[in-house]
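Protein chains in written order, with our numbering: chain R, 27 to 135; chain U, 11 to 932.
First the structure, in the form of structure tokens, and then the observations on it.
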Amino acid sequence: MPDKPSDLIQGTLEMLILKTLALEPMHGYGIALRIEQISNGVFRVNPGSLFPALTRLERAARIRAEWRATENNRRAKYYLLTDRGRKALKEETQQWGRQLAAITSILEA
Amino acid sequence: MPLLQNLISGIKSLLHNEQRSRDMEEELRSFEEASAEEKIRNGVSPHEAHRAARIEMGSLETVKQKVRSTTWESTAESIWQDLRYAVRMLRGSPGFTLIAIASLALGIGANTIIFTLAKGVLLDRLAVPQPNQVRLFAIIRDRRTSPLHSFWGDFYRTPDGRSITHSFSYPVYQLLRQQNLANPALEDLFAFKDLLGQRLTATIDGHADTVSGQLVSGNFYQQLGVQPALGRAIQPSDDTTPGSGPVAVISDGLWARLFGRSPSVIGKTIQLNLIPITIVGVNPPGFTGAASVQISPDVFLPFSMQPTLIPDRKGSLLENPNEWWMSIMGRARPGVSNEAVRSAFAVWLEQDIRATVPVRKNESMPDLVIESGSQGLAAATHDYAAPIYVLSALTGFVLLLACANLANLLLARSAARQREMSVRLALGASRPRVLRQLLTESLLLSSLGGIAGFALGYLGRNIIPHLLSTAWHPAPFYARFDLRIFAFAAAVSIVTGILFGLAPAWLATRTDVNTSLKDAASSATRRRKGLAGRSIVVLQVALSMLLVVGAGLFARSLINLNATSLGFDPHNLLLFAIQAPPARYPAPQDIALHQRIEERLAQVPGVQSVTLIENPLISHNRSNITFLPTGQPKPTGDEQDRDVNGVGQSFFETYRIPILYGRSFGPTDTATSPLVAVINQSLAHTVYPNIDPVGKTFTSNRHQGDHEAIYQIIGVSADAKYDALQEDPPPTFYTLYRQSKEEQFITYTIKTQLSPAAILPALRNAVQSIDKDLPLRDIRTQTEQIEASISQQRLFATLTAGFGILALVLACIGIYGIMAYNVARRTNEIGVRMALGARARQVLFMVLGESSWLAIVGVTAGLIAAVALSRFIGSMLYGLKPADPTTLIAATLILLAVAVAAAYGPARRASHIDPMQALRHE
């Protein structure tokens, strides 16, 4: 069951992660929390989809990871946006905008 | 860049698997803790918060699995797992593994060997730049109405009974070349002549050897685009006037064989047929000339040397318009279609023929064909294409049979492993995953078989060329191993693995988990599985039937050939050739020389009789020439020509061919006495149906261009085979060699009770006492000569017999396997039958009956296929029809016997089942 909603945002999840990381480097939970907060709780990202997405992005060299200390002095893996990731985010945002506009105009026709 | 990075990080994570797993665990835990802390901050009790966080996370392992499955290395890892598991499974049943690998190795090895041959004969191209541009000229003529009569070279019968050849006359070549230069249809024409049968005597630093040669035109190297590895090529200036180019380019092979690859060979003068020739260049290693793609002639000489080097009895071939002997090639010009080339040259050819030879009213022009010259003369293709297709098909059947056998064994195994599969499926393995596991196993098997087969193919690559060669003639081709052969073996292995692995794997995963777990491999799925196994056995029997029938047909052909009546006595005959070098013995001194040798040899102790012979019997050589009976209407076309052989005085005595009427040649028939001839019975029947031919005369231009030479028939001999075992004795006449004007090559036949080794030294001494530079060449006995002429038939009989036996063994294993398996499954049922009163004999016959049914269905299918396919080998058989009833009946009986024998073991076991035990058995 929990797979179903995340399937729906399969493609967009990676874009949302990139967007989140564009603001500042963050660890896994931070990303999940930020997405949930900004979307006002519409998108809940569970670890089962978050971490595979992170691995995919890392493999595509859009983000890279490093171990850092958290604000309460714990070790956590932080993810950083790379130049390639920044470019990908820009392209995907534009594409998303186009698709959205197209869908909206179809729905309003 | 990301791809490379992906690869590197994948390999890193494979290498540091543990580390990666720990990292991920730590990351997930920190996620969980952060989540719990967030909840606590929002006012949830610590206990509740941790619980909720854990629920959110779910199973750590599941998440880790999901993360892992996003990367390529996880697939690699699971394939590696499958592979290790497969290795364990195969090591668990070494007997099965061994049988599987051995049968695959035989199948794949045989196919590799045949493919190596097929590639050499059918695929290899001339080693020149852009071989596909090269065009080769051929003519098709009607033998009865053609104005061209005298050919020296290859020719083949076309399906409509005409004759195709690649031979042209030198004057016509010159005219065609000029016409093409004036109006180019092809690039400049060039020409060559492979001196196949006529090997040259090479004297190098006082040591005599024989070499093979090719005459080439001055522009040959230039047009083919071949640069010599050392020195220079033959140039147009070498080929201007007769004798202008006493130069040779030697092959890489000869350079290594006789000169140890010494660069000082350039400029060295050697003697060929006692003519001094200067070596000017060495060919690159791969270059084989224009005639063959397989074997290079040893020396390449310009055409200008023909009149001095290999003088012909008809004078210089360069000026002779009647002798058609040389092959013409030209490279295609861009933008000129083949048809345009053909029609242009067809017009010129007709003009040139009319300009050079007399054409009578009722004679028709030959048709010109422009063939691809990329494979040279492709004589090998013409001669060996059909046998190679047949061999490929046979080895293909053997491999198919090995596949069927393995499929059968795997099927039985998969039934035994049904529980394992059900457990895997029940534990959540997906069907593709299980299929992959099973296919991994069969591919591993087939790869191992493929490796073994490839090794076998490599070791055996020269077996067939070796079987087709003789002590006095090199193999007609040899096997070049290259990457394409490896690719072939690899492809065959993979296809095989899929072929025999897929069906059993498919059936194994089709089981319904519930049924098969519950009923523990008993009767529920028996019918379906049984059907698959049985149809495979039927296929095996049918394939075996095909191979056994093939073996039978070829074996019977060979027996027929060996039993065929020759018309002469081949025993205790020793053959060797002596060439009188024309430089030292210009005609007619060569005749005098041979006469002296003949007389000297006759005096050697142990020699019963000596004869000379122009064309040794059963050597695929024959001559024919005009035979025009005096006082009879002149025959037309090829009817004018009859087979002829030049022989010595004691020919009929030496070969034990009876003289039926008249007399044999005698001491009174000398070089200066009137010309005489002996004709055989067939010729007597054909030309002189109702009259006594003895004393009659005929004219023949056998006497070196003297068309009006009159021969008198002095006797009629019994028929004897001439050039081939497969053909009936042709109408033939025999002339006395010492009454001809010139005889360069001649074979001596010695009748002796001594062994060749015992008498050869004395014979050699006798010849060398006359001229120490005359080697005895091509020494063999007449029996060896006959054996060699049917080496291809023997090869087929041997190979197909081997395949047939292999097929029977595999069929045996197949039938035994399926019956043993059936009996084991039906133990319970048989127990019930016996408890209800069935007797042991009845059970025995029930099982035997079942296997007989399988065999009968298979044999019937095999019979139909055999009758349908055997017509393709019809031309390769001798003395029997393709649908030979004896062979078909024998094969049927053999296969039925094998089926019953293979099933006897399991049937006996079934009949000895103890009902009490059987009923307790599951």
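We treat Cβ as the ideally placed atom computed from N, Cα and C, and that holds for glycine.
Put simply, of D651/U, L627/U, R423/U, I260/U the residue whose alpha carbon is nearest the alpha carbon of L638/U is D651/U. Beta bridge pairing from DSSP links E92/R with Y104/R.
By the rule that beta-carbons nearer than 8 Å mark a contact, F69/R does not touch chain U. Contact between A901/U and G562/U holds: CB atoms are separated by about 6 Å, below the 8 Å threshold. Residue contact with chain U for Y105/R: absent (no Cβ-Cβ distance below 8 Å to any residue of chain U). Each residue's CA atom was taken as its position, placing E134/R and A63/U some 42 Å apart.
By the neighbour-count definition (other C-beta atoms within 10 Å, threshold 16), L49/R is an exposed residue. For the 8 Å CB-CB criterion, I601/U and S750/U form a contact. Within the region 68-86 of chain U, contact with chain R at the beta-carbon level (separation under 8 Å) is assigned to G68, T72, V73, K76, V77, S79, T80, T81. DSSP places D679/U in the coil class of the three-state scheme, outside both helix and strand. In the three-state reduction of the DSSP assignment, V259/U falls in the strand class, which pools E and B. Here DSSP, grouped into helix, strand and coil, assigns H922/U to coil. For the pair G117/U and L409/U, the CB atoms are nearer than the 8 Å cut-off. Assigned with DSSP and collapsed to three states, L735/U falls in coil, not helix or strand. Using a Cβ distance threshold of 8 Å, Q447/U and Y95/U count as a contacting pair. For Y95/U, the three-state secondary structure derived from DSSP is helix. Ranking A79/R, W122/R, T96/R by CA distance to the CA of R88/R puts A79/R first.
Annotated as proximal: G130/U and Q304/U, with beta-carbon spacing under 8 Å. Residue environment analysis places A920/U among the buried positions, since at least 16 neighbouring C-beta atoms fall within 10 angstroms of its C-beta.
L132/U and T122/U have their C-alpha atoms spaced approximately 15 Å apart. By the Cβ test, the region 725-741 of chain U is not in contact with the region 676-684 of chain U, since fewer than three Cβ pairs between them sit closer than 8 Å.
The beta carbons of I825/U and V547/U sit closer together than 8 Å. Annotation for Y888/U: no alpha helix (DSSP H) segment contains it, and DSSP assigns it neither H nor E. For N690/U, the enclosing beta strand (DSSP E) has its first and last residue at 686-690. Judged by DSSP secondary structure, T175/U falls within the beta strand (DSSP E) whose first and last residues are 173-175. Within its own chain, the residues whose Cβ lies closer than 8 Å to the Cβ of Q613/U, once the five positions on either side in sequence are excluded, are A776, listed in chain order. At a cut-off of 8 Å between beta-carbon atoms, A44/U makes contact with chain R. Residue range 583-589 is occupied by the beta strand (DSSP E) that includes Q589/U. In this structure, the beta-carbon distance from V620/U to Y758/U falls below 8 Å.
In the three-state reduction of the DSSP assignment, N418/U falls in the helix class. For N99/R, none of the residues of chain U pass the 8 Å Cβ criterion, the least Cβ distance being about 12 Å. H57/U: member of the alpha helix (DSSP H) spanning 56-67, first to last residue. Ranked by how close their Cα comes to the Cα of P252/U, the residues N193/U, L328/U, A218/U have L328/U in first place. For the region 19-35 of chain U, the residues whose beta carbon sits under 7 Å from a beta carbon of chain R are, in order, S19. Less than 8 Å divides the Cβ of L158/U from the Cβ of P376/U.
Looking at the DSSP output, A928/U shares a beta bridge with no other residue.
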